[in-house]
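2 protein chains.
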Amino acid sequence: MKKKKDPIPDIKTLNRILRPESVAVIGASNRKDTLGNLIFRSIIRNGYKGKVYPVSATSGTVMSVKAVKSIIDIDGTIDLAIIVVPATSVLKVARECGKKDVKGLVVISDGFKELGPEGAEMEIALRETAINYGMRILGPNCMGFINTDPDISLNASFCMALPDRGRMAFFSQSGALCVSLLKYSKNFNAGFSSILSAGNRSDIGPSDLLRYWENDDSTKVILLYLESFDNPEEFYRVAKRVSLKKPILALKGGITEAGAKAAFSHTGAMATDRAITDALFHRAGILRVESVQELFHSAMLLSGQPVPKGKRIAIITNGGGPGTIAADEAEAQGLNIEPFSKGLVERLNKKTLRPINIHNPLDLTAGTPDTEFVACARILIESPENDAVILIYVPPAGEGVSHIEAVIERLEPEAKKRGKSIIASFVGDTGLKGKRVNNDTFVPYFPFPEDAIKALANAVRYSDMISREQGVIPEFKNIDTEAGKRLINPFTVDTSNKPQWIPSDILNSLFTCYGILCAETLFANSPEETARATHKIGTPVAIKLVSSTITHKSEVGGVILDVKTEEDAIIAFNAIRGNLEKKCLSVEMRGVIVQRMITHGIELFMGVKNDKSAGHVIMFGAGGIYTELINDTVTRLLPLTDIDAEEMIGETRVKRMLTGYRGMPLMDINAIKELLLRISQMVKDIPEIIEMDINPVKVLPEGKGCLVLDARMLVE
Amino acid sequence: MKKKKDPIPDIKTLNRILRPESVAVIGASNRKDTLGNLIFRSIIRNGYKGKVYPVSATSGTVMSVKAVKSIIDIDGTIDLAIIVVPATSVLKVARECGKKDVKGLVVISDGFKELGPEGAEMEIALRETAINYGMRILGPNCMGFINTDPDISLNASFCMALPDRGRMAFFSQSGALCVSLLKYSKNFNAGFSSILSAGNRSDIGPSDLLRYWENDDSTKVILLYLESFDNPEEFYRVAKRVSLKKPILALKGGITEAGAKAAFSHTGAMATDRAITDALFHRAGILRVESVQELFHSAMLLSGQPVPKGKRIAIITNGGGPGTIAADEAEAQGLNIEPFSKGLVERLNKKTLRPINIHNPLDLTAGTPDTEFVACARILIESPENDAVILIYVPPAGEGVSHIEAVIERLEPEAKKRGKSIIASFVGDTGLKGKRVNNDTFVPYFPFPEDAIKALANAVRYSDMISREQGVIPEFKNIDTEAGKRLINPFTVDTSNKPQWIPSDILNSLFTCYGILCAETLFANSPEETARATHKIGTPVAIKLVSSTITHKSEVGGVILDVKTEEDAIIAFNAIRGNLEKKCLSVEMRGVIVQRMITHGIELFMGVKNDKSAGHVIMFGAGGIYTELINDTVTRLLPLTDIDAEEMIGETRVKRMLTGYRGMPLMDINAIKELLLRISQMVKDIPEIIEMDINPVKVLPEGKGCLVLDARMLVE
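As they're listed, the protein sequences go chains H and P.
To convert, take the position in the first sequence, counting from 1, and add 4; that gives our numbering.
To convert, take the position in the second sequence, counting from 1, and add 4; that gives our numbering.
Shown next, in the form of structure tokens:
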């Protein structure tokens, strides 16, 4: 493999980094608080099972271990080199590693791409060197990694502590977040299989790790912190596959490396980014979370408890307030707090000694004896009426927790047998870690019920996701791909030109090739032609500006609707011309189109965009002036399956208007679905599309189809 | 005061409960884990500065203290009695307290209103007894209270621990939440002045406590957990006044005492409740929070740091990820992360030893020495370019925190001098409590930056709130109140009838009395009359069903728009009649109205509702079929001030359509404002209005006013 880059390197090469038999720390130091000192100490202190060698240009020994000046001087093979020297020396050192036949580099040193063009050049050189010698790189500018496997026990990072061994794996674009989550995890009975910070990701990125963890039996749940997507297509393809085997949860940080400030001075960009990320995660089967704590809490739950079979939850508590808050949050998160059946109420009633109101959430009140709480919890866990049980307990005098904990331990096998999650919250108590039952199972405790519910809701989302139908990309027979391509070709071959808008007549023809219906339209370039076109189409008509530069026609007074006579058509043409003259835009007017007025139906919007990070995405939502206003747009990656199209429609608010809203007729939802899929096919055939807006497209009552009223397309 | 109830009891009477010189625990017990034991122990253990007497029917001594059988037997005066006997004995005991001239009762015992009618009766009797003897009651069914004042040091609750002394005061409708927050607070350097759980609130409720804390110097911030509003009008009047002096933060639990299950089986009810609560809190100047942690965190910040002067924040961090996440959250919360000025960048540049990108958030990266972090933090705190500084620090090796803490302590006076908040997050670290600087000031630490930002955003909301103009309720000259009342009188005097819908012709006249313009309308009851009315008004017209039972006209095919000829008007009348016949609703048709078609303008919605818990509220948002669909409605309590009306318009999304959206003309926003205020006046004059929908009302371009197209009103 040397001297040649494998396009997708064998994932086993990562073993040389994550499971090395020998490690050299290049830049190891005796000077306290330097990274070179911290890392060498981390490895020694945390009981690495292999051999570690300090390499130091200045010290003969590091932490009482004999050091060498160069890795070359080490007697024996080295699997992994951890590099902590200044950026300017990294390349030289990396070459020495190559010569020593090292298989993996962890480059902690910063001062590369993150600092600008000069650093980026150094990073490229580093990468080339590594490829030449067949070395994989983690970093540069990273925290390193930790592998808790007792056979390895390697903390190759500047985070001194080793996390507890557990079944969460964490990949982070921020080393600081690795340190933070590791620290936070110590409050819980949940640990990690491995933690990696990949810094600038010159080589190893999230896709590699997903593939590594896919078949890593010690990993049950994957956590990601991402700020950007390097190779989205590969990423979501791999993630899609892996996510069906184990849950992947991700927190997306908003700043792009390129433009930290820009991202925050421009809300619009943020919003778009949000929709695109949602689309990407949706396609990849990744569960998006909104905070660091939600990331950890949700993964913790999934690493210790089974994936719930449904969203029916039962809440049992000795405190009304926390029970109410849990129920509020459950409803907000889309979980179901279903009323107890009569039989269940009777069974519970037999166990409650004092008179209380029995309903879900079950509030046994502050005076409840532990025995009663436990008996009722058991009944709920054994009941087939729920998929998960949440125990919320407020120890009246800071005592009594141990009884409840003992019970949780006894009840857990019952829950497991039924494939149910059980979760506990000892409200306000951050000192309890969760009840470990065996190697694979523990009952997580959450200091607050809101956190417990959020985590459970994510587990339910995962359950929904893996049971979701995958759908198919249908093939439409009446599509003339070749004719369509021929129409667009002239605008894409001339690469010297900037992106070009497709004239509306050609766009109409293109739509025809794809079996997409447009409202009947004629072009006119004078008042007289406009009148003739109006006569031909039949009144009423809409008259709209044609221009290759002005794309928001209504904003310049370029749209006149509901023109009822040929005389009015002439007036309309002149009015549009006049409006442009007033704005000194006359030269931009190529003419007008005269279009049949479609007065009934509902206006919808469909859009396509070639996003720099996610590729082609499609948007769907309410149309006309409401598109931006009501912010009711669903975004998905292209191509779409039939299920995707159906889901997109279902996720909008405008859906209600299509399904017999307030006495309105049922609209042709199948036609909308088909239109989305036809557009999907078109974009697949013509990847040169940068941007397309179909707005409005009118959906007509059931069986009557959809009609495009206005569209624009930009290609390059 | 004996034997007579003071309508608003002197707030000083609460001192007899919160600051008693002597306390009797009635139901004190030696039996471990009983509430009677816990409470007596709490008082003794936590060093109450007054005298406490155990009263026990069965034990001669309680915890080595001689007990008496009845409070009557105590030799000396008793200010406060804490009652822990079974519900059935409470009344008898309370009477004895009255005879003993006790001034306050804390009734811990449950088994009252919360269990149904029988318990409710007992509760009323208890209340009457207390009024007869001039006693105030906290409870029944409550946890009791805690006063941390070192002169009192009274823990009269079954929560064993005493919280740290601090400047937060907490009133909760859930005792469990008191226990939980108290426990959680121990993780922080923030304490409470007093904590009360009021249980069933038979006497003392949140309004009393607000009035008590209003002038309590040891209370700086007020926390509320509420599930229902007992007397909303008094509550918001008091809260309004108090909130201008000290921040009030509230978490609202969703379940009403009456219908726990109903609230959760009916999403609609929840949603409405949410809007009404928002309106109530807005009027009361209360900051609504969304979780228990947000409640505590935000109050903690406000109890230790000044109210920020604005929303410009600077973030300094040694970890890129946490900085990014903080910036994301800040943007989501509406805070401004403003770019550093050139001068500021230069000043920071001089302090950073290694090359880094200097922008806000300022990421000094993991390798930054403490001295550099500190120097940069100082520059940010001294800069006039921000209103708050957030320090986010990830100790690279779990060390170094003490340096940063020392610096925080030194920098705090600088920040205070400038009226700035400083906040720190040692990410993932739940073990650090926050830096106390002096009695009044501490710098709070948050385990995660998201929490820090949320708390700060609430502090900024408070700052905005107190600086908000109060506005005035304008008086309109051209309103004929008397004529209006005369019109509605016939529908409200006959109380034997159910609520009645006001016929549209009378409603039109009422609007005229209030200077509210309606589209020109004529009533017709036959095809011929319809044609004549159409002729009179001039085409095009809208023809709409008149019925006193059918209020959603379009759903029964009762609305035909854009009728262009008299012949078409006849067809329209017959069509509406036909539609009703098909639905067997012919008898419900009283006729039609013929109305001038207003084809331009934007459709808006205004609604009024007499809410059982909040009184009259007004809703405003997008109109027509979009009202429900886009969920873009703002709700406020009536009456409105001019500022309220302005804010309501400003908070909707439809606002964008009114202010020159996509080439559309500016709409007459002043007319909308005036219409809202006229409606407000109308509801004030006619409080019998139960419900009113004005939908749609059309706003026309600037200077052209608003026109009501359709309305309905229910009175009783």
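Even for Gly, the Cβ is constructed at its ideal location relative to N, Cα and C.
Every value quoted in this text rests on a predicted model; they were computed, and no experiment measured them.
Alpha-carbon spacing of residue i relative to residue j, whole angstroms
| i | j | result |
| --- | --- | --- |
| H/ILE462 | P/PRO478 | With the sequence shown as reference, residue 462 of chain H is identified as Asn, and Ile is not the correct amino acid for it. Answer to the nearest angstrom: the Cα atoms are 51 angstroms apart. |
| H/SER363 | H/VAL447 | It is worth fixing the name first, because residue 363 of chain H is His in this sequence and not Ser. Computed Cα separation, rounded: 24 angstroms. |
| H/TYR240 | H/LEU641 | 10 angstroms |
| H/VAL441 | P/LEU158 | 41 angstroms |
| P/ARG682 | P/SER552 | 25 angstroms |
| P/ALA303 | P/LEU227 | 7 angstroms |
| P/GLU655 | H/THR631 | 19 angstroms |
| H/PRO721 | H/LEU415 | Any answer about residue 721 of chain H is impossible in this case: the structure gives chain H only from 5 up to 720. |
| H/GLU720 | H/ASN482 | 26 angstroms |
| P/TYR229 | P/VAL293 | 10 angstroms |
| H/LEU395 | H/ILE319 | 6 angstroms |
| P/ARG20 | P/ILE135 | 15 angstroms |
| H/ILE606 | H/GLY435 | 56 angstroms |
| H/ILE360 | P/LEU119 | 7 angstroms |
| H/ARG382 | H/ASN353 | 13 angstroms |
| H/THR538 | H/GLU524 | 11 angstroms |
Range covered by the beta strand (DSSP E) that runs through residue i
| i | result |
| --- | --- |
| H/ASP615 | 606-615 |
| P/ARG169 | 169-176 |
| H/GLY488 | Here H/GLY488 belongs to no beta strand (DSSP E); instead the alpha helix (DSSP H) covers 485-497. |
| P/LYS73 | Looking at the DSSP string, P/LYS73 is not in any beta strand (DSSP E), and its letter there is neither H nor E. |
| P/ALA523 | Per DSSP, P/ALA523 belongs to no beta strand (DSSP E) and is neither H nor E. |
| P/VAL111 | 108-111 |
| P/VAL296 | Note, P/VAL296: premise wrong, no beta strand (DSSP E); alpha helix (DSSP H) at 296-308. |
Burial state of residue i, where buried means 16 or more other Cβ atoms lie within 10 Å
| i | result |
| --- | --- |
| P/VAL88 | buried |
| P/ASP444 | exposed |
| P/LEU713 | buried |
| P/ILE317 | buried |
| H/ALA262 | Note that H/ALA262 scores a pLDDT of 32, beneath 50, so its modelled location is shaky and nothing firm can be said. |
| H/ASN529 | exposed |
| P/GLU127 | buried |
| P/HIS556 | exposed |
| P/ARG490 | exposed |
| H/VAL560 | buried |
| P/CYS588 | exposed |
Segment limits, alpha helix (DSSP H) that includes residue i
| i | result |
| --- | --- |
| P/GLY179 | 179-189 |
| P/ASN136 | 121-137 |
| P/VAL719 | First-last for P/VAL719: 715-719, but that is the beta strand (DSSP E), not the alpha helix (DSSP H). |
| H/TYR216 | 210-218 |
| H/ARG465 | 453-471 |
| P/LYS55 | Where P/LYS55 is concerned, there is no enclosing alpha helix (DSSP H), although the beta strand (DSSP E) it sits in stretches over 55-59. |
Any non-hydrogen atom of the ligand GTP within 6 angstroms of residue i CB
| i | result |
| --- | --- |
| P/ASN159 | The ligand GTP is not part of the structure shown, which contains no ligands of any sort. |
Go through the region 625-713 of chain P residue by residue and report every complete run of the alpha helix (DSSP H) that reaches 4 residues or more, in order. Uninterrupted alpha helix (DSSP H) stretches at least 4 residues long and entirely within the region 625-713 of chain P occur at 630-634, 646-654, 659-662 and 673-689, given in chain order.
So within the region 525-572 of chain P, which uninterrupted alpha helix (DSSP H) runs reach at least 4 residues, ignoring any that extend past its ends? Listed in chain order, the complete alpha helix (DSSP H) runs (minimum 4 residues) inside the region 525-572 of chain P are 531-541.
Using a beta-carbon distance cut-off of less than 7 angstroms, what residues from the region 452-464 of chain P approach chain H? Contacts with chain H (Cβ-Cβ distance below 7 angstroms) from the region 452-464 of chain P involve PHE452 and GLU454, listed in chain order.
Give me the subset of the region 545-575 of chain H whose CB atoms are less than 8 angstroms from a CB atom of chain P, sorted by chain position. Flagged, chain order: HIS556, SER558, GLU559, VAL560 and GLY561.
Residues from the region 345-370 of chain H in contact with chain P, defined by Cβ distance under 9 angstroms: Look at the region 345-370 of chain H: the residues with a C-beta under 9 angstroms from a C-beta of chain P are ARG358, PRO359, ILE360, ASN361, HIS363, ASN364, PRO365, ASP367, THR369 and ALA370.
Tell me which residues of the region 171-189 of chain H have at least one Cβ-Cβ distance to chain P shorter than 9 angstroms, keeping chain order. From the region 171-189 of chain H, only SER176, GLN177, SER178, GLY179, ALA180, LEU181, CYS182, VAL183, SER184, LEU185, LEU186, LYS187, TYR188 and SER189 have a Cβ closer than 9 angstroms to chain P.
Taking beta-carbon pairs under 7 angstroms, can you tell me which members of the region 220-233 of chain P lie near chain H? So the list reads TYR229 and GLU231, given in the order they occur along the chain.
Give the residues from the region 188-205 of chain P that approach chain H closer than 7 angstroms (Cβ to any Cβ), ordered along the chain. Legend: CB atoms of the region 188-205 of chain P lying less than 7 angstroms from CB atoms of chain H belong to residues TYR188 and ASN191.
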